[in-house]
Amino acid sequence: MFRYSCIFGVRDIPVLLKQPHLVAHKFYIQYQPASYFCILKTIRQRTFSPVPFNSSPYAKIPFVELNRGVPFFNLSHPEWIMKIH
181 MFRYSCIFGV RDIPVLLKQP HLVAHKFYIQ YQPASYFCIL KTIRQRTFSP
231 VPFNSSPYAK IPFVELNRGV PFFNLSHPEW IMKIH
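Heads up: the sequence shown at position 24 corresponds to 204 in the working numbering, and the numbers run straight through without jumps.
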C-alpha cells in the first residue's frame, strides 16, 4: 500500500505478464522502480514484436455484449452488473 492505494511491484510482474488484460493500474516509479521499467521494457518489445491477441475475453464483458444487442438474460456474466452471487 502506498498512500492508501494498492500498487503493483516487482513480485507482481511474472503474473501480470501472463494475463490477457490490456491495462495494469497502478505502477509508481517511487515504489519499486524496477517493476515500472520492467513493464515498460516489455511493452516496448511487444510493440515491435507483437504477441497474438485474443479478444474473446473482452467480448464477454456485459456492456460489450449489450452494445452488440445481446438481451440482458442472455449475457455471459450478468452477475458482473447485478452483483448476483
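Yeah, the Cβ is synthetic: ideal placement off N, Cα and C, and Gly gets one too.
- Between TYR216 and ILE223, the CB-CB gap reaches or exceeds 8 Å.
- Separation of the CB atoms of PRO237 and ILE261 is rounded to 17 Å, and the pair is thereby denied contact status at 8 Å.
- It is roughly 11 Å from the alpha-carbon of CYS186 to the alpha-carbon of TYR211.
- In the three-state reduction of the DSSP assignment, SER235 falls in the coil class.
- Taking a C-beta distance under 8 Å as the contact criterion, PHE207 and ILE219 qualify as a contact pair.
- Take the alpha-carbon of VAL231 and the one of GLN225: they are about 10 Å apart.
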